[in-house]
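In our numbering, the protein residues as written are 7 to 425.
C-beta atoms are modelled at their ideal positions from N, C-alpha and C, and glycine is treated no differently.
Let me begin by presenting the structure, written as C-alpha cells, before commenting on it.
Written out as C-alpha cells, the structure is:
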C-alpha cells in the first residue's frame, strides 16, 4: 500500500506486555495523528500471530521487552507471513544493536523509547509512503471460529429467542461447540431464558484481562443441558461501567479461538460497546417485526451500519412473527427498507412465551413447530456459509467512523484494543 486513501482508517497492532507502553503509544498517537486510526493491543506475545492474521493491520509495533519472549522470532514470523504489513520495532536508545537484528529479520524501521509523538507519527508516514503494494480485499473469516451477532432496532422483536434457538440448532447441525454471549447489558435475559444460575459472568474476566487464557474463560462459562455454553452478563446494577472497546475485542478474540461458533445477543443502545461486537462479527442478523415503528427504526439502523462502513451483505434481515394478523407484508417491508428479507419466522407468541417462562428453549421442546423450522433454516444457512467459506469480502482498511448518536469517533481517538 502507498498512502492510505483519504478517510480510511489505519489499523495499528501493538505487541507489548507492559500497559505503560500501550499508554505511551496511545498518547503519542493521539497527540499528533491527524488521519483516522485505531490502535489494537495484544499483551500476550503468543496471541500476536493469531491476532495479526485476524486483523491484517497496516502497521505492527513490537516492543523490545516482551518479558520471557524474544521479540526477534516474533518479528521474523510476522514479516514472513504478512507481506503487506509494516513492522516497527520499539527499542531503548541504548539497544541499537537489537534494533539492527529486528530490521534484518523483517522490521521496516525502529522507534526509540521513550516514544516521542512527532517521531512516531513521522515514521509512520514515511514507512507507509515506502510501502507500494496495494491493499487487497481480505476475508473476514480470520482465524478460528465465526462470530454471529443478533441485533434489533428496538426491544421486543424476539432477538434473544432467535439467538438462543439458532445457537442450539447450530450445535445440533454442526456437532461443534457453541458459546452464546449475553451482550444486552441493560436488560440481560439469557440466564432466565436458559434457566441458568448467575454464579459467574463477564465481569469476572475484566480484572484479569492481561492474564486471560482458555482456562479462565472456561471457569466463568455456564453450561446448558443442550450442550451450548453461555457467557452471561451481570445484573445491570452490578456493572459499574460499560465494557470498553479493548475489553470486548480481547474477549471476542479468545472466544473465537476456543469455539467454532460465537453467538452474540446484542442489546441496545448502539454505543461504542455495541459496535465493538459488531466490528468483530462475521455475520450480523437483524430481527424486525412487521409493524411501522419497527420498520422506521430498522431503516435508521441500516443507515447507521452503512455510515459505519459495513457492507450491505454483512447483515441478514429476519422478519419475526411474519404471520401476525394485520402485520405489514414482506413485499412492503422490502420496498420500504430497500433490502431483502432473508428469512421469515412465523408468529406463535403463546408458544414462545411459554418456553421462555419455563426456561427451556423451544428448539428442545417443540422442534417440529413452525417457529423452530423457521429458525432451523437460519442455522442451516449459517452452517452452509461456513462450509463454503467467508460470507463476503471486506475491503481493508474499513472506512473511518463518523460517530453515532453524537458519540465521539473512537477510531479517531485511537482507543486501544484489549491485550
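Pairwise C-alpha distance: residue j and residue i
i, j, result
"residue 213", "residue 221", "15 Å"
"residue 369", "residue 171", "6 Å"
"residue 331", "residue 279", "36 Å"
"residue 66", "residue 91", "7 Å"
"residue 201", "residue 388", "26 Å"
"residue 96", "residue 231", "49 Å"
"residue 189", "residue 59", "25 Å"
"residue 283", "residue 248", "13 Å"
"residue 358", "residue 195", "14 Å"
"residue 135", "residue 85", "18 Å"
"residue 19", "residue 276", "25 Å"
"residue 261", "residue 285", "15 Å"
"residue 301", "residue 273", "18 Å"
"residue 291", "residue 118", "46 Å"
"residue 363", "residue 177", "23 Å"
"residue 186", "residue 289", "14 Å"
"residue 296", "residue 128", "53 Å"
"residue 105", "residue 57", "23 Å"
"residue 303", "residue 309", "10 Å"
"residue 338", "residue 306", "17 Å"
"residue 335", "residue 384", "20 Å"
"residue 252", "residue 47", "8 Å"
"residue 224", "residue 263", "12 Å"
"residue 347", "residue 244", "38 Å"
"residue 366", "residue 17", "43 Å"
"residue 320", "residue 64", "23 Å"
"residue 133", "residue 116", "11 Å"
"residue 3", "residue 390", "Residue 3 is absent from the model: the chain starts at 7 and stops at 425."
"residue 149", "residue 392", "Legend: pLDDT at residue 149 = 47, less than 50; position of this residue unreliable, no value from coordinates given."
"residue 240", "residue 192", "9 Å"
"residue 402", "residue 23", "Legend: pLDDT at residue 402 = 32, less than 50; position of this residue unreliable, value from coordinates given subsequently. Those two C-alpha atoms are separated by around 27 Å."
"residue 254", "residue 242", "17 Å"
"residue 353", "residue 329", "5 Å"
"residue 175", "residue 356", "21 Å"
Burial state of residue i, where buried means 16 or more other Cβ atoms lie within 10 Å
i, result
"residue 28", "buried"
"residue 312", "exposed"
"residue 256", "buried"
"residue 110", "exposed"
"residue 327", "buried"
"residue 207", "buried"
"residue 315", "buried"
"residue 35", "buried"
"residue 33", "exposed"
"residue 421", "Residue placement at residue 421 cannot be trusted, given a pLDDT of 38 that sits under 50; what the coordinates show is reported in the next sentence. Burial call: buried."
"residue 49", "buried"
"residue 198", "exposed"
"residue 235", "buried"
"residue 112", "buried"
"residue 15", "buried"
"residue 87", "exposed"
"residue 98", "exposed"
"residue 203", "exposed"
"residue 139", "Annotation note: pLDDT 40 at residue 139 (below 50); position unreliable, coordinate value reported separately. Exposed: under 16 other Cβ atoms inside 10 Å."
Endpoints, the beta strand (DSSP E) within which residue i is located
i, result
"residue 46", "43-48"
"residue 80", "No beta strand (DSSP E) contains residue 80, which is instead part of the alpha helix (DSSP H) from 77-87."
"residue 60", "No beta strand (DSSP E) holds residue 60; the alpha helix (DSSP H) holding it covers 54-61."
"residue 156", "152-157"
"residue 207", "Careful: residue 207 lies outside any beta strand (DSSP E) and carries neither H nor E."
"residue 285", "It is not in any beta strand (DSSP E) - residue 285 instead sits in the alpha helix (DSSP H) that spans 278-285."
"residue 291", "289-294"
"residue 350", "349-351"
Where the alpha helix (DSSP H) containing residue i begins and where it ends
i, result
"residue 184", "Counting along the chain, residue 184 falls outside any alpha helix (DSSP H), though it belongs to the beta strand (DSSP E) covering 184-189."
"residue 359", "355-364"
"residue 221", "220-226"
"residue 303", "298-313"
"residue 175", "165-180"
"residue 259", "251-264"
"residue 490", "Because residue 490 is not part of the residues shown, which for the chain are 7 to 425, the question remains open."
"residue 2", "This structure leaves residue 2 out entirely; the chain is present only between 7 and 425."
"residue 381", "376-394"
"residue 215", "Per DSSP, residue 215 belongs to no alpha helix (DSSP H) and is neither H nor E."
"residue 17", "Residue 17 -> not in any alpha helix (DSSP H); beta strand (DSSP E) instead, spanning 16-21."
Supposed contact pair residue j and residue i - C-beta distance, whole angstroms, cut 8 Å
i, j, result
"residue 210", "residue 226", "5 Å"
"residue 266", "residue 151", "4 Å"
"residue 322", "residue 349", "7 Å"
"residue 325", "residue 299", "Not quite, the Cβ-Cβ distance comes to about 15 Å (not below 8 Å), so this is no contact."
"residue 469", "residue 218", "An answer regarding residue 469 cannot be provided, because it is not within the stretch 7 to 425 covered by the chain."
"residue 269", "residue 378", "Not confirmed; about 17 Å, so no contact."
Task: Given 8 Å, three or more beta-carbon pairs between the segment 337-351 and the segment 35-51 - done: A contact between stretches requires three or more CB pairs, one per stretch, nearer than 8 Å, and the segment 337-351 fails this requirement with the segment 35-51.
Open item on the list: With a threshold of 8 Å, are at least 3 pairs of Cβ atoms found where one atom belongs to the segment 151-162 and the other to the segment 71-82?
Closed with: No, the segment 151-162 does not touch the segment 71-82.
Open item on the list: For the structure I just gave you, are there three or more beta carbon pairs, one from the segment 121-128 and one from the segment 152-159, closer than 8 Å?
Closed with: Result no; under three Cβ-Cβ pairs closer than 8 Å.
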